[in-house]
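Report on the following structure.
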Amino acid sequence: MENKVFPQMNTLVKVRETTLFSKQQKLELINAENIETALNILNGTSFLTFSRPTHSNELESALETEKRNYLNWSKEMAPGVPVAEIFEVPDLIHNIKVFLREQISNNKDNVQNKLTYLYLNHECCDNSYFNNILKTPNTELSNTDNCIKTVIEDAMSDYAIHNSFLRTDLILMFFGHVKLLALSEKVGEPKISDFIKTYIDLNLLSILFQIREISIVLNKSIISKARTGNLKLNTELLFLASARQQDELLRSTPYSEFWSSLKDETAQRLSDVYIDNYLLNICKQAKLEAFGVFPLFAFLYAKLLDIKNVRLIFSLKKINANQNEIEERLREDYEL
């Protein structure tokens, strides 16, 4: 896809960027005397566009409202371009995981255990949606729903044999990666494609290191489902290699620093923060872009990280975490 021109999109994105949190505003939230004071500070900023919670108990719902409305707004800004759909994939994978746990729990206990409260974006992809897909003949389903049905059945069959949620989670993660690659190809912008490929590689390496640490050996049927992004390495070779061989294979890649950092306990614990910041730095290039949908994509990523930051601040304050403990979990600012 060539860089399409979307009238006023970049101007409106710049306006929306004013809702992003500054470092000073984050510190004010962190240092607030209590949760309700922090909420008053939050409501006094331009961060919340589509909701205004009056009590801290309403904050989680408000943040989901913000997320959903920003994704819907992005669809209006770039009609026909699946930018928002890329950001919806993690929710879809999360919801399939919840559904699988419901089904497996029900099969074990012979009771109806609904985990409704765990589903994200209740407007779609919930228990009813997945149950309907499983009951509908393949010929009556869309390509998307057929793929979802196949991965659910694949994961449930795998669990029946291996009794492992780790394996089913990997099957779903790899399915999500394939979906993300397809969506980024449909968008057709190289920088968004590079972002997705980097996201997949960093997630893959993080999982690879965790598997190595707990000494689990995956069979080829699982490994064959994995995809890499910019990594030009055979996944089977990478997953089945010894720890030393893995270190050698990854030493000459762009992720050598990330891989080495995972050996540090603190860095390993904060690997999700590192990944988010790594990807945010890719997005910062969009501030210099004048055309295409990369500026919109980058802003959405930054806004969703901001929502994650707010959620983290409030949840950590509830358990009386100190300032350093909160700050180490926060993602960077969207500034050059």
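Numbering (my numbering), first residue to last: 20 to 355. Every residue gets a Cβ at the ideal spot worked out from N, C-alpha and C, and that includes glycine. Fair warning: this is a prediction, and the values are worked out from it, not measured in the lab.
Here DSSP, grouped into helix, strand and coil, assigns L250 to coil. Below 8 Å, enough C-beta pairs join the segment 143-157 and the segment 167-176 to call them touching: three or more.
With a 10 Å radius around the Cβ and a threshold of 16 neighbouring Cβ atoms, L256 comes out exposed. Proximity of the segment 342-355 to the segment 54-69 falls short of the contact definition, fewer than three beta-carbon pairs being nearer than 8 Å. Look at the beta carbons and you see the segment 312-327 not touching the segment 217-233: under three pairs across the two are nearer than 8 Å. It is roughly 29 Å from the alpha-carbon of A103 to the alpha-carbon of I242. In the structure shown, the three-state DSSP call for F118 is helix.
Counting along the chain, G195 sits inside the alpha helix (DSSP H) bounded by residues 184-206. In the three-state scheme derived from DSSP, where H, G and I count as helix and E and B as strand, L139 is classed as coil. Non-local C-beta neighbours of K198 in its own chain, meaning closer than 6 Å and more than five positions away in sequence, comprise V108, ordered along the chain.
Per DSSP, the unbroken alpha helix (DSSP H) holding T84 starts and ends at 78-96.
The segment 40-53 and the segment 316-334 touch, with no fewer than 3 CB-CB distances between them shorter than 8 Å. Of all alpha-carbon atoms in Q265, A340, R87, L269, the one lying nearest the alpha-carbon of D110 is that of R87.
Distance between F193 and L224, taken at the CA atoms: about 13 Å.
P209 sits in a helix when the DSSP states are folded into three classes.
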